[in-house]
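J.: Here it is, the structure, as structure tokens.
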Amino acid sequence: MNIFGIRGGAKVSGRKELTAETPVEKLPMPRLLHVPLQQHVGSPAVPIVSVGSRVKKGQLIAESKGAVSAPVHAPTSGFVTRIGNHLAPHPSGLPVLTLSMEPDGRDEWCKLPEPLELETASPKEIAERVSEAGVVGMGGAAFPSAVKLSMGDKYDLDSLILNGAECEPYLTCDDRLMRERADETIIGTRYMMKALGVSKAYIAIEDNKPASFKSMQVAAGENSGIEVVYVPARYPMGSSAHLVQAITGRETPASGRTADLGVIVNNVATAFAVYEACKLGRPLISRIVTLSGEAVKRPANYEVLVGTPASDLMKQSGGLIEEPKQLLMGGPMMGQPLPNLDIPIVKGTSGILALRGTEIPEQNIMPCIGCGSCVTVCPAGLLPMEMMNRLDHEDVDGADEIGLRDCISCGSCNYVCPSHIPLVQFFNYGKGRLKEQDTDKARHVKIKVLTEAREKRLEKRAP
Amino acid sequence: MINAIPEMSGPYVRKEKSVTRTMTLVMLALVPATAYGLYLYGWPAIILFTIAITSALLFEILSLLIAKKPVVRFASDGSAMLTAWLLAISLPPWAPWWVAVLGSAIAIVIGKHVFGGLGQNVFNPAMVGRVVLLLSFPLEMTAFVNPIPLFSADAPTFLQGVQIVFGGMSIDAYTGATVLDSVKVAVGHGGVVQDGIAGQRNLGSWLAGNNAGSMAEGADVLLLLGGILLIFTRVIRWFIPVSTLLSLAAVATVFNWVDPATYPDASIHLFTGSAVLGAFFIATDPVTSPTSPKGQLFFGASLGALIYVIRTWAQYPEGMSFAILLMNAVTPLINRYMRPRIFGRTNKGDPLGLSRQ
Numbered sequence: 001m002n003i004f005g006i007r008g009g010a011k012v013s014g015r016k017e018l019t020a021e022t023p024v025e026k027l028p029m030p031r032l033l034h035v036p037l038q039q040h041v042g043s044p045a046v047p048i049v050s051v052g053s054r055v056k057k058g059q060l061i062a063e064s065k066g067a068v069s070a071p072v073h074a075p076t077s078g079f080v081t082r083i084g085n086h087l088a089p090h091p092s093g094l095p096v097l098t099l100s101m102e103p104d105g106r107d108e109w110c111k112l113p114e115p116l117e118l119e120t121a122s123p124k125e126i127a128e129r130v131s132e133a134g135v136v137g138m139g140g141a142a143f144p145s146a147v148k149l150s151m152g153d154k155y156d157l158d159s160l161i162l163n164g165a166e167c168e169p170y171l172t173c174d175d176r177l178m179r180e181r182a183d184e185t186i187i188g189t190r191y192m193m194k195a196l197g198v199s200k201a202y203i204a205i206e207d208n209k210p211a212s213f214k215s216m217q218v219a220a221g222e223n224s225g226i227e228v229v230y231v232p233a234r235y236p237m238g239s240s241a242h243l244v245q246a247i248t249g250r251e252t253p254a255s256g257r258t259a260d261l262g263v264i265v266n267n268v269a270t271a272f273a274v275y276e277a278c279k280l281g282r283p284l285i286s287r288i289v290t291l292s293g294e295a296v297k298r299p300a301n302y303e304v305l306v307g308t309p310a311s312d313l314m315k316q317s318g319g320l321i322e323e324p325k326q327l328l329m330g331g332p333m334m335g336q337p338l339p340n341l342d343i344p345i346v347k348g349t350s351g352i353l354a355l356r357g358t359e360i361p362e363q364n365i366m367p368c369i370g371c372g373s374c375v376t377v378c379p380a381g382l383l384p385m386e387m388m389n390r391l392d393h394e395d396v397d398g399a400d401e402i403g404l405r406d407c408i409s410c411g412s413c414n415y416v417c418p419s420h421i422p423l424v425q426f427f428n429y430g431k432g433r434l435k436e437q438d439t440d441k442a443r444h445v446k447i448k449v450l451t452e453a454r455e456k457r458l459e460k461r462a463p
Numbered sequence: 464m465i466n467a468i469p470e471m472s473g474p475y476v477r478k479e480k481s482v483t484r485t486m487t488l489v490m491l492a493l494v495p496a497t498a499y500g501l502y503l504y505g506w507p508a509i510i511l512f513t514i515a516i517t518s519a520l521l522f523e524i525l526s527l528l529i530a531k532k533p534v535v536r537f538a539s540d541g542s543a544m545l546t547a548w549l550l551a552i553s554l555p556p557w558a559p560w561w562v563a564v565l566g567s568a569i570a571i572v573i574g575k576h577v578f579g580g581l582g583q584n585v586f587n588p589a590m591v592g593r594v595v596l597l598l599s600f601p602l603e604m605t606a607f608v609n610p611i612p613l614f615s616a617d618a619p620t621f622l623q624g625v626q627i628v629f630g631g632m633s634i635d636a637y638t639g640a641t642v643l644d645s646v647k648v649a650v651g652h653g654g655v656v657q658d659g660i661a662g663q664r665n666l667g668s669w670l671a672g673n674n675a676g677s678m679a680e681g682a683d684v685l686l687l688l689g690g691i692l693l694i695f696t697r698v699i700r701w702f703i704p705v706s707t708l709l710s711l712a713a714v715a716t717v718f719n720w721v722d723p724a725t726y727p728d729a730s731i732h733l734f735t736g737s738a739v740l741g742a743f744f745i746a747t748d749p750v751t752s753p754t755s756p757k758g759q760l761f762f763g764a765s766l767g768a769l770i771y772v773i774r775t776w777a778q779y780p781e782g783m784s785f786a787i788l789l790m791n792a793v794t795p796l797i798n799r800y801m802r803p804r805i806f807g808r809t810n811k812g813d814p815l816g817l818s819r820q
């Protein structure tokens, strides 16, 4: 298939060989599970069980609340020991409401809903099932999938793209999934296509994963409307707007989303979760996680229950070889630093990395020499050095003028900068400031509206 | 300020690139042409080159000390050495020692550190040094000599070299004019281009650099080789060198077609002066040239035309350094107006419409 070019992008060293050939392993049952009630974008789920109650595997323990939210289910059978704040895998380091439970070791399923048949289920039923199963985007964004799968109502859609690019270095969880669970993923894809009302689906895989490509192609079969396509291994290929451009040639407008162009992008692991929800009636309670980095004794891929402390994975891998220079959740390009390994694995956790000093070379920050490497690689077509200059002088509006809001924080500029300037750091700071300004502005507008309304009321009341 | 930010922030993988690597690669690319130039002009050139580099490093360290910047980190970045290198190879090869020292001082102190050091200067430091020298000491800066390769019969010995550089020996017996110079003189005296070229051999020898000129601007073949290495290693992009040379060639060809007696053809413009050196190694200085591809193309095209204008209608037979400084001055403006199109937006910055192919 003809692939369209994307702008910029960096060739990053994959370092996937650490785990690419290790099949997914099961983890022994953790002693304690800490299941955060907000693992997704949107409103947190509300607990419906109390401390001391016995729950079964797959039982609903917290309901979704609001239009954009997702429910949470018990990852195994056991007793609820505590509902309270616990360290969460979030860059703020702030704790979130978390349900802790002690597994009883029986791993006993609750009564699961009847499977949905692909042929007879309506799009609405599929979306509802996905919503009930608490499925969220598993590529990292953790956007409730049911909301996405219902977009067929509002948008004129024509295709679904499954993101199996996995452009972040080190991570191989999607690669392993596509190799080991290709049939299930393809069935999940069919459910998604039906929910969206599209007849065409593409499974996009970076050309450094031939084994995945083969197994997915075999599973997809011919004339199924599902096409497995190679995309160049070029970071950030997995960005949804760029994936859509590479495959359909359509460029997502700055103000819009890919759905405006008729395309919905989902992660391959999400398709697998949709398969489990629809075909088996199982909620999303586990996922594949890559544990990698040279500081790990035995890097591996694990099937992990949601709520499992990251330290359990490390223990299973024989622990650390040495004190890591950096602990990360997610990939090294856009992943978040972790303070320690006490944080629980959540639905959106693709990897836990422990990197040695040799993997992140010490680099002195030098002045910008204007080499333009950042301009060449920027997939958003921005001038990173110029935005950095303006932000360095606290000129947030100036940076906004030249496209700060269009920055996707992918880190490509930072990756190639010969002066090792922490560009993304600047941009994330700038975006934070912009958000603050926007909130302020919105508040002022609201205050103005309310004040005017009040004055009108008073005027009316006055004789 | 940048330096106050902790060094560990994402991304947590980095490309093995550094300012030092960039500077080193540029110098590596200059080695063949420089070595050949030093061979052609012998001991005086070797001594002059060494003086320029050494003094530039000293001025760099001095400036860093005064500015209270980390001396080791900055002095070892290779930028001062590269500046001095570019300055030295564009000097008359047998110029006196103080020309090199003064040039280095102007380039490093005034051209670079007065603006705030690495990355902050508006003008190419080496060209600032060269132009100030050219305006202040026109005699010394235009005293070119014909090549007398090292170890050839008439070549100065090491001792004579020392005497030439430090002022104990006249070089009058060796002097020669550059092709551009003699053409300009010939045309200026009512003659034709051919009168100027007469005796100055042909394209082959121009490409090899076997005629009077600056220390290492002559060997265009070797300079091209270095330039291609830089493009290949992605230290520079092709936009500036190609647009500069194309534009210079185009303008020269048009005028030459109109009046071949007065206006020399493109080959003379491209290969007898410092056009190739300037286009690949000096105009591409990242600090003082535009960043976007569009901007670089515009920069190069204007530069090429400007070189021609200065060479043809101004006082000087060579216009490279003046043209580069003038284009450096408008680089901030080019950067402001020639930005790449943002993803999802039109050239004007409005969001794209919804189109499906």
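So the sequences go chain by chain: A and B.
Counting in my numbering, the first sequence runs from 1 upward without gaps.
Counting in my numbering, the second sequence runs from 464 upward without gaps.
The beta-carbon is built from N, C-alpha and C at its ideal position, and this holds for glycine as well.
1. Using a Cβ-Cβ cut-off of 7 Å, state whether TYR502 of chain B counts as contacting chain A.
2. Between the alpha carbons of VAL147 of chain A and VAL68 of chain A, how many angstroms are there, rounded?
3. Does VAL424 of chain A come within less than 7 Å of chain B when only Cβ atoms are used?
4. Looking at the C-beta of ALA233 of chain A, does it have a partner C-beta in chain B at a distance below 7 Å?
5. Would you say LEU493 of chain B faces chain A, with C-beta separation under 7 Å as the test?
6. Quick one: is GLY593 of chain B near chain A, going by C-beta distance under 7 Å?
7. Between which two residues does the alpha helix (DSSP H) holding ASN389 of chain A run?
8. To which residues of the same chain is GLY411 of chain A closer than 7 Å at the C-beta, ignoring the five residues directly before and after it?
9. Taking C-beta pairs closer than 9 Å, name the residues in chain B that ASN414 of chain A reaches, listed in chain order.
10. Determine whether the beta carbon atoms of PHE743 of chain B and GLY690 of chain B lie at a separation below 7 Å.
11. What's the gap between the Cα of LEU488 of chain B and the Cα of TYR230 of chain A?
12. Quick one: what's SER79 of chain A bridged to in DSSP?
13. Using a Cβ-Cβ cutoff of 8 Å, what residues of the region 246-257 of chain A are near chain B? List them in chain order.
14. Does the count of Cβ pairs from the region 794-807 of chain B and the region 383-403 of chain A closer than 8 Å reach three?
15. With DSSP run on the structure shown, which of helix, strand or coil describes GLU276 of chain A?
16. Since LYS647 of chain B is in the alpha helix (DSSP H), which residue starts that stretch and which ends it?
17. Would you mind giving the Cβ-Cβ distance between ILE6 of chain A and GLN245 of chain A, rounded to the nearest angstrom? I have them listed as a contact below 8 Å.
18. MET604 of chain B lies in the alpha helix (DSSP H); which residues open and close that run?
19. Under 8 Å by Cβ, that's how I've got VAL594 of chain B and ILE634 of chain B pegged, so tell me the actual separation to the nearest angstrom.
20. Please tell me whether VAL375 of chain A and LEU383 of chain A are closer than 7 Å, where the distance is taken between their beta carbons.
21. According to the neighbour-count rule (16 or more other Cβ atoms, all chains shown, within 10 Å of its Cβ), is PHE522 of chain B buried or exposed?
22. Which class does ARG179 of chain A belong to by DSSP, given the choice of helix, strand or coil?
23. Can you confirm whether ALA462 of chain A, when its beta carbon is compared against all beta carbons of chain B, has any partner nearer than 7 Å?
24. Taking C-beta pairs closer than 9 Å, name the residues in chain B that MET333 of chain A reaches, listed in chain order.
25. Where do the ends of the alpha helix (DSSP H) carrying SER292 of chain A lie?
26. Straight-line CA distance for VAL721 of chain B to LEU565 of chain B?
27. In angstroms with no decimal places, state the Cα-to-Cα distance between TRP669 of chain B and VAL772 of chain B.
28. Quick check: the Cα distance between ILE465 of chain B and GLU168 of chain A, rounded to an integer number of angstroms?
29. Once DSSP output is grouped into helix, strand and coil, what is the label at TYR235 of chain A?
30. Which complete alpha helix (DSSP H) runs does the region 479-545 of chain B hold, if anything under 4 residues is left out?
31. For chain A, find out if any of its Cβ atoms is closer than 7 Å to the Cβ of VAL714 of chain B; answer yes or no.
32. Since PRO30 of chain A and LEU37 of chain A should fall inside the 8 Å C-beta cutoff, what is the C-beta to C-beta distance between them, to a whole number of angstroms?
33. Return yes when the Cβ of THR189 of chain A is within less than 7 Å of the Cβ of ALA201 of chain A, no when it is not.
34. According to DSSP, which residues form a beta bridge with THR358 of chain A?
35. For THR485 of chain B, would you say it is in contact with chain A, using Cβ-to-Cβ distances shorter than 7 Å as the test?
36. Name the one or two DSSP bridge partners that GLN164 of chain A has.
T.: Inspection of the coordinates gives the following:
1. By one-based count along the second sequence, residue 502 of chain B stands at place 39. Output row for TYR502 of chain B: interface = no.
2. Translated into positions along the first sequence, residue 147 of chain A becomes position 147. Translated into positions along the first sequence, residue 68 of chain A becomes position 68. In a straight line, the C-alpha of VAL147 of chain A is about 7 Å away from that of VAL68 of chain A.
3. Within the first sequence, residue 424 of chain A is the residue found at index 424, counting from 1. VAL424 of chain A counts as touching chain B.
4. Here residue 233 of chain A refers to the residue found at position 233 of the first sequence. Taking Cβ atoms only, chain B never reaches closer than 7 Å to ALA233 of chain A, which makes this a no.
5. The residue given as residue 493 of chain B occupies position 30 in the second sequence. Chain A, which has no Cβ nearer than 7 Å to the Cβ of LEU493 of chain B, makes this no.
6. Residue numbering aside, residue 593 of chain B sits at position 130 when the second sequence is read from its first letter. First, the residue type needs correcting, since residue 593 of chain B is Arg and not Gly in the sequence shown. So, not an interface residue.
7. What you label residue 389 of chain A is simply residue 389 of the first sequence in a count that begins at 1. Segment 384-392, the alpha helix (DSSP H) holding ASN389 of chain A.
8. Taking the first residue of the first sequence as position 1, residue 411 of chain A is located at position 411. Once the five neighbours on either side are set aside, the close Cβ partners of GLY411 of chain A are MET333, MET334 and VAL424.
9. If you number the first sequence from 1, residue 414 of chain A lands on position 414. Chain B residues near ASN414 of chain A: SER472, GLY473, PRO474 and ARG477.
10. Indexing the second sequence from 1 puts residue 743 of chain B at position 280. Indexing the second sequence from 1 puts residue 690 of chain B at position 227. Yes, the Cβ-Cβ distance between PHE743 of chain B and GLY690 of chain B is below 7 Å.
11. Position 25 of the second sequence, counting from 1, holds the residue named residue 488 of chain B. Position 230 of the first sequence, counting from 1, holds the residue named residue 230 of chain A. Cα to Cα, LEU488 of chain B sits roughly 35 Å from TYR230 of chain A.
12. Position 79 of the first sequence, counted from the first residue, corresponds to residue 79 of chain A. At residue 79 of chain A the sequence reads Phe, which differs from the Ser that was named. According to DSSP, which records beta bridges pairwise, PHE79 of chain A is partnered with A:ARG54 and A:GLU102.
13. THR248, GLY249, ARG250, GLU251, THR252, PRO253, ALA254, SER255 and GLY256
14. yes
15. As a position in the first sequence, residue 276 of chain A is number 276, starting the count at 1. Here GLU276 of chain A sits in helix by DSSP.
16. On the second sequence, residue 647 of chain B is found 184 positions in, with the first residue counted as 1. LYS647 of chain B -> alpha helix (DSSP H) spans 642-651.
17. Here residue 6 of chain A is taken as the residue at index 6 of the first sequence, counted from 1. Here residue 245 of chain A is taken as the residue at index 245 of the first sequence, counted from 1. That pair is a contact at about 5 Å.
18. Along the second sequence, one-based indexing puts residue 604 of chain B at 141. Start and end: 601-604.
19. By one-based count along the second sequence, residue 594 of chain B stands at place 131. By one-based count along the second sequence, residue 634 of chain B stands at place 171. The Cβ separation is near 23 Å, so there is no contact.
20. As a working mapping, residue 375 of chain A is identified with position 375 in the first sequence. As a working mapping, residue 383 of chain A is identified with position 383 in the first sequence. Yes. Within cutoff.
21. Locating residue 522 of chain B in the second sequence gives position 59, where the first residue counts as 1. Buried is the call here.
22. The residue you call residue 179 of chain A lines up with position 179 of the first sequence. Correct three-state label for ARG179 of chain A: helix.
23. Taking the first residue of the first sequence as position 1, residue 462 of chain A is located at position 462. It does not; no Cβ of chain B falls within 7 Å.
24. Here residue 333 of chain A refers to the residue found at position 333 when the first sequence is read from its first residue. Residues of chain B passing the Cβ test: GLY473, PRO474, TYR475 and VAL476.
25. Counting from 1 along the first sequence, the entry for residue 292 of chain A is found at position 292. Here SER292 of chain A belongs to no alpha helix (DSSP H); instead the beta strand (DSSP E) covers 286-292.
26. Residue numbering aside, residue 721 of chain B sits at position 258 when the second sequence is read from its first letter. Residue numbering aside, residue 565 of chain B sits at position 102 when the second sequence is read from its first letter. Between VAL721 of chain B and LEU565 of chain B, the C-alpha separation is close to 43 Å.
27. Position 206 of the second sequence holds residue 669 of chain B. Position 309 of the second sequence holds residue 772 of chain B. Between TRP669 of chain B and VAL772 of chain B, the C-alpha separation is close to 22 Å.
28. What you label residue 465 of chain B is simply residue 2 of the second sequence in a count that begins at 1. What you label residue 168 of chain A is simply residue 168 of the first sequence in a count that begins at 1. Residue confidence for ILE465 of chain B is low, a pLDDT of 42 falling below 50, so the modelled location carries little weight; the figure read from the coordinates is stated next. Their Cα atoms are separated by approximately 27 Å.
29. Translated into positions along the first sequence, residue 235 of chain A becomes position 235. In the structure shown, TYR235 of chain A sits in a strand (DSSP, three-state: E or B).
30. 482-530 and 534-538
31. Position 251 of the second sequence holds residue 714 of chain B. VAL714 of chain B does not count as touching chain A.
32. Counted from its first residue, the first sequence places residue 30 of chain A at position 30. Counted from its first residue, the first sequence places residue 37 of chain A at position 37. In fact, because the Cβ distance is near 18 Å, the residues do not count as touching under 8 Å.
33. On the first sequence, residue 201 of chain A is found 201 positions in, with the first residue counted as 1. On the first sequence, residue 189 of chain A is found 189 positions in, with the first residue counted as 1. For ALA201 of chain A and THR189 of chain A, yes; Cβs fall inside 7 Å.
34. On the first sequence, residue 358 of chain A is found 358 positions in, with the first residue counted as 1. Answer by DSSP bridge pairing: none, since THR358 of chain A is not bridged.
35. Position 22 of the second sequence, counting from 1, holds the residue named residue 485 of chain B. Interface residue, yes.
36. Within the first sequence, numbered from 1, the residue matching residue 164 of chain A stands at position 164. Reading off the sequence, residue 164 of chain A comes out as Gly, not Gln. Bridge partners of GLY164 of chain A: A:ILE205.
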